[in-house]
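Novice: In terms of my numbering, the numbers along the sequence shown are unbroken and rise by one, the last being 909.
Glycine is no exception: its CB is placed at the ideal position from the N, C-alpha and C atoms.
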Amino acid sequence: SFIQQYPRSYLGPGGEDGGWRITVVPLSDQITGSVKPALLILMGAVVLLLLIACANTANIMLARVAGRTRELAIRMALGASRGAIIRQLLAESIVLAILGGGLGLLLTLWFKDLILAINPDRIPRLAEVDVDWRVISFTAAVSVLTALVFGTAPALQASTTKIKRWLRDGGDLFGSAKSRQTRLRSLLVVAEISISLVLLVSAGLLVRSMIRLSHVDPGFNPRNVLTMEIDLPAAKYSSEQQRRAFFQEVLDRVTSLSGVKSAGVVSILPMSGSRFDGPFSIEGRPFDPTKLSSADYRIVSAGLFDALGVRLRQGNALDRYSADPANPGVIINQTLANDFFSGDGAIGKRIKLGAPRSPRPWMTIIGVCEDVRERSLSTAPRPAMYVSSSQESTASMALVVRTEQDPSSLSSAVQASIVAVDRDQPISNVRTLGQVVAAASSRARFNSILLSGFAGVALLLAAIGIFGVVSYTVSQRTREIGIRMALGADRGDVLKMVVRQGVTLTLIGLAIGLAGTLATGRLLSSLLFETEPNDPLTMISISLLLAAVAITASVIPARRAIKVDPLIALRCE
337 SFIQQYPRSY LGPGGEDGGW RITVVPLSDQ ITGSVKPALL ILMGAVVLLL
387 LIACANTANI MLARVAGRTR ELAIRMALGA SRGAIIRQLL AESIVLAILG
437 GGLGLLLTLW FKDLILAINP DRIPRLAEVD VDWRVISFTA AVSVLTALVF
487 GTAPALQAST TKIKRWLRDG GDLFGSAKSR QTRLRSLLVV AEISISLVLL
537 VSAGLLVRSM IRLSHVDPGF NPRNVLTMEI DLPAAKYSSE QQRRAFFQEV
587 LDRVTSLSGV KSAGVVSILP MSGSRFDGPF SIEGRPFDPT KLSSADYRIV
637 SAGLFDALGV RLRQGNALDR YSADPANPGV IINQTLANDF FSGDGAIGKR
687 IKLGAPRSPR PWMTIIGVCE DVRERSLSTA PRPAMYVSSS QESTASMALV
737 VRTEQDPSSL SSAVQASIVA VDRDQPISNV RTLGQVVAAA SSRARFNSIL
787 LSGFAGVALL LAAIGIFGVV SYTVSQRTRE IGIRMALGAD RGDVLKMVVR
837 QGVTLTLIGL AIGLAGTLAT GRLLSSLLFE TEPNDPLTMI SISLLLAAVA
887 ITASVIPARR AIKVDPLIAL RCE
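#1: By the 10 Å Cβ neighbour count, where 16 or more other Cβ atoms means buried, how is M379 classified, buried or exposed?
#2: If you compare alpha carbons, which of G849, S592, I683 and T768 is closest to I754?
#3: Can you grab the Cα-Cα spacing for the pair R649 / I702, in whole Å?
#4: Going by other Cβ atoms of all chains shown within 10 Å of its Cβ, with 16 needed for buried, is I668 buried or exposed?
#5: Which residue wins for smallest C-alpha separation from R686, given the options Q670, S807 and P664?
#6: Quick check: the Cα distance between N392 and T809, rounded to an integer number of angstroms?
#7: Mind checking G801: buried by the 16 CB within 10 Å criterion, or exposed?
#8: Please classify R738 as buried or exposed, where buried requires at least 16 other C-beta atoms within 10 Å of its C-beta.
#9: Mind checking whether V708 and F556 have CB atoms under 8 Å apart?
#10: Leaving out five residues on either side along the sequence, give the residues of the same chain with a beta carbon under 7 Å from the beta carbon of G614.
#11: Does the distance from the CB of L536 to the CB of L882 come in under 8 Å?
#12: Which residues does DSSP list as the beta-bridge partners of I668?
#13: Ignoring anything shorter than 4 residues, give me the alpha helix (DSSP H) runs that lie fully in the stretch 381 to 447, in order along the chain.
#14: For I887, which of helix, strand or coil comes out of DSSP?
#15: Would E706 and K597 qualify as a contact pair, given that the criterion is a beta-carbon distance under 8 Å?
#16: Are the beta-carbon atoms belonging to G838 and A889 less than 8 Å from one another?
#17: Measure the C-alpha to C-alpha separation of S748 and R767 and round it to an integer number of angstroms.
#18: Please classify D829: does DSSP put it in a helix, a strand, or coil?
#19: For T856, which residues from the same chain have a beta carbon less than 7 Å from its beta carbon, with the 5 sequence-adjacent residues on both sides left out?
#20: Can you give me the Cβ contacts of D466 inside the same chain, cut-off strictly under 8 Å, excluding the 5 residues immediately before and after it?
#21: Nearest by alpha-carbon distance to P762: which of R781, Q424, A731 and D567 is it?
#22: Could you give the distance in angstroms between the alpha-carbon of P622 and the alpha-carbon of F865?
#23: Can you give me the start and stop residues for the beta strand (DSSP E) that I618 sits inside?
#24: What span of residues does the beta strand (DSSP E) with T563 cover, start to end?
#25: S725 and V601: beta carbons closer than 8 Å?
#26: Using a 10 Å radius around the Cβ and a threshold of 16 neighbouring Cβ atoms, would you call S876 buried or exposed?
#27: By how many angstroms is the C-alpha of V478 removed from the C-alpha of G511?
#28: What is the C-beta distance between I817 and V830, in whole angstroms, given that I count them as a contact (C-beta under 8 Å)?
#29: Quick test of your reading: A389 and L797, contact by CB under 8 Å. State the CB separation rounded to the nearest angstrom.
#30: Express the C-alpha separation of R836 and P414 in angstroms, rounding to a whole number.
#31: Quick one: is P872 buried, meaning 16 or more other Cβ sit within 10 Å of its Cβ, or exposed?
#32: Using C-beta distances below 6 Å, list every residue in its chain close to P606, excluding the 5 sequence neighbours before and after it, in chain order.
#33: By Cβ distance below 6 Å, which residues in the same chain neighbour G595 in space, the five residues on each side in sequence not counted?
#34: In its own chain, which residues sit with a C-beta less than 8 Å from the C-beta of L846, not counting the 5 before and 5 after it?
#35: Would L859 and I377 be called neighbours here (beta carbons separated by less than 8 Å)?
#36: With a threshold of 16 other CB atoms inside 10 Å of the CB of A822, please say whether the residue is buried or exposed.
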C-alpha cells in the first residue's frame with residue numbers, strides 16, 4: 337500500500353505512527369453501498385408481489401377454463417389437436433398479460449410522482465428514475481414470460497379433456513370438489529397466503545421499527561428552529577479573524593430580531609449527513625495508534641447549545657470560560673465522559689484531537705453535555721467534543737436560530753441579516769431543524785411506506801384468491817348443497833362446510849408463511865431499529881389479521897351457499 341511504500345509521509349508530528357489507514361472500495365459501493373441492501377429487499381418484495389399476482393391470474397384462468405369445458409371438448413371432438421388448444425389458451429394469456437402490463441405502466445407514471453414525493457434525499461439518483469424504453473421493454477418481457485409460465489398449467493389442464501368422458505358424464509368434467517383443478521387452485525391460494533404473510537410481517541417489522549425510531553430522543557429539541565448553511569469564500573475570508581468577525585456580526589443581528597429566542601453557529605449540523613471525526617489523546621494516558629478511539633469534532637458558538645436545546649449536565653458553558661489560546665476549553669458529551677472518564681471525573685482533564693505530539697493544543701474539559709445523535713436517529717451517540725468558535729474557526733458553518741413562533745416566518749428576516757453583513761454571501765439549505773431530522777429518517781420511512789404498500793396489495797390479492805376458490809367450490813357443489821338442504825341439513829352446517837375449506841387453506845398457508853418469515857427476518861435485520869427480526873408480537877398480530885381477512889373472504893360465498901333454494905339447486909345440471 338501507499339503507507340508501506342512511503343512510511344515517513346504518514347508519521348505523526350513526533351515521528352510516531354500517525355494512525356493513517358487506507359480502505360479501497362469500488363466507486364459504485366461508495367455511492368450506493370448504504371442503500372443497496374434496502375433496494376435489494378424492496379426488489380425482492382416486488383418479485384414476491386409479482387408471484388402473488390401471477391398465482392391469482394392462474395387461478396382466474398383455471399376458472400375460465402372450467403367454464404369453457406364444453407366449448408373446448410367440442411373443438412377437440414371436431415378435430416382440434418391438443419397443441420392447438422394449448423396455443424390458443426396461451427395466446428389469450430399473453431394478450432391479457434400485455435394489457436395488464438400496459439395498465440401497470442400507466443399506473444407507474446402516476447405512482448412515480450407519488451414515490452418521488454416521499455423521496456428520501458439520501459437515496460442517490462432516485463429523482464432520475466423515469467419510464468423509458470428500458471422500463472417498457474422489461475415490463476413487456478416480464479408480462480410475456482409470466483403469461484407463458486403461469487398460463488401453461490391452465491392450458492395443459494384444459495387440453496387433457498377426454499371427449500368420451502365428457503359425453504358420458506353429460507359435460508360435467510369438473511363437478512367434483514376433489515378434482516385435480518380444484519387441488520391446483522387450492523395450492524395456488526396456499527402459495528398466495530404464505531407469500532402474503534412474508535410481505536405483511538416484513539412490512540409490520542419495518543413499521544414497528546419506524547414507530548420506535550420516531551420516539552427516539554435526538555438529544556436536542558427540533559421544534560421552532562430554523563437552520564441554514566453559510567460557506568464563506570476563502571479568497572474573501574482568508575483569516576480566522578475575518579471569519580470570526582463575520583459570524584459574530586451575523587449572530588448579533590439575528591439575535592436582535594423580534595421573535596428570536598437564541599441563535600448560534602456550528603461547523604456541522606446534527607443529522608445533516610456530513611461528518612468530521614478523528615482520533616484523540618488523553619493527557620497522561622498511553623496512545624496506541626493501532627487501537628484508536630475517535631470522536632466527532634464540532635466548532636460551535638456560545639449560543640449554539642441554547643439554540644439547539646442541548647442541556648449541560650456538568651461544568652460550565654463555553655461563554656463562561658476565558659478564551660485562552662494556550663489553554664482552550666472543550667465540552668464533551670456524556671458518552672465520551674462515561675467511556676473514558678467514568679462519568680463524573682472528566683471536568684479538568686485535558687484532551688486533544690490527534691496524537692499527543694500533534695501541534696494542536698491540549699484542551700481542558702470544562703463541561704459535559706447531553707448526548708446528541710449527530711448522524712441519525714438510529715445511530716447511537718458517539719464520543720463528541722465541542723470547541724468554541726472563538727478559539728477555532730472554519731469557513732463553513734450552519735446557522736441555528738430558535739424562534740418563538742413558526743421558524744419559516746422568520747426565514748426572510750434572518751437571511752436579510754446575513755445579506756446586511758455581506759450582500760454577496762450565498763446562503764444554502766434553508767430549512768427547519770424538524771425537516772433536517774425528518775430527512776435523516778426519510779430512508780427508513782420510505783422503506784416502510786413502500787413495503788407496506790406492497791403488503792397491502794398482497795393482502796388484497798390473497799383475499800381475492802380465497803374468495804375465488806371458495807366461490808368456485810360453491811358453484812360446483814350447488815347440487816350437493818341442494819341435496820343436503822333438501823334432506824334437512826341445517827344452514828349452519830352448510831356454512832361451516834363451505835368456510836372450512838377457506839380456513840384449512842389459510843392455516844396451511846400461514847404455517848408455510850411463518851417458516852418463510854424466519855428466513856426473511858434475518859435479511860431485514862440491517863433495516864430494523866430496536867426490533868427483533870422474528871418479533872413474536874408482529875408475527876402473531878399479522879397472522880391474525882391475515883386469518884381474519886381470509887375467513888371473511890370465505891364467509892361471503894358461504895352465505896350465498898346457504899341461501900340456495902333446494903329445488904333450484906336440484907334442477908342444476
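Specialist: Taking the geometry as given:
#1: exposed
#2: S592
#3: 11 Å
#4: buried
#5: P664
#6: 16 Å
#7: buried
#8: buried
#9: yes
#10: S630, Y633, L689 and G690
#11: Cβ distance < 8 Å, so L536 and L882 count as in contact.
#12: V704 and M721
#13: For the stretch 381 to 447, whole alpha helix (DSSP H) runs of length 4 or above, ordered along the chain, are 405 to 413.
#14: helix
#15: no
#16: yes
#17: 12 Å
#18: helix
#19: Around T856: V534 and S538.
#20: K448
#21: D567
#22: 36 Å
#23: In the DSSP assignment, I618 falls within the unbroken beta strand (DSSP E) covering D613 to I618.
#24: Residues V561 to D567.
#25: yes
#26: First, the amino acid is wrong: residue 876 is Ile here, not Ser. Counting Cβ neighbours within 10 Å, I876 comes out exposed, since fewer than 16 surround it.
#27: Low confidence applies here, because G511 scores a pLDDT of 45, under 50, leaving its location unreliable and the question unanswered by this model.
#28: Indeed they touch by this definition, with Cβ atoms about 6 Å apart.
#29: 6 Å
#30: It should be pointed out that residue 414 corresponds to Leu in this sequence rather than to Pro. About 41 Å.
#31: Exposed, since its Cβ has fewer than 16 Cβ neighbours within 10 Å.
#32: Contacts found: V708 and E710.
#33: T739, E740, Q741 and L746
#34: I529, S530, L533, S879, L882 and A883
#35: yes
#36: exposed
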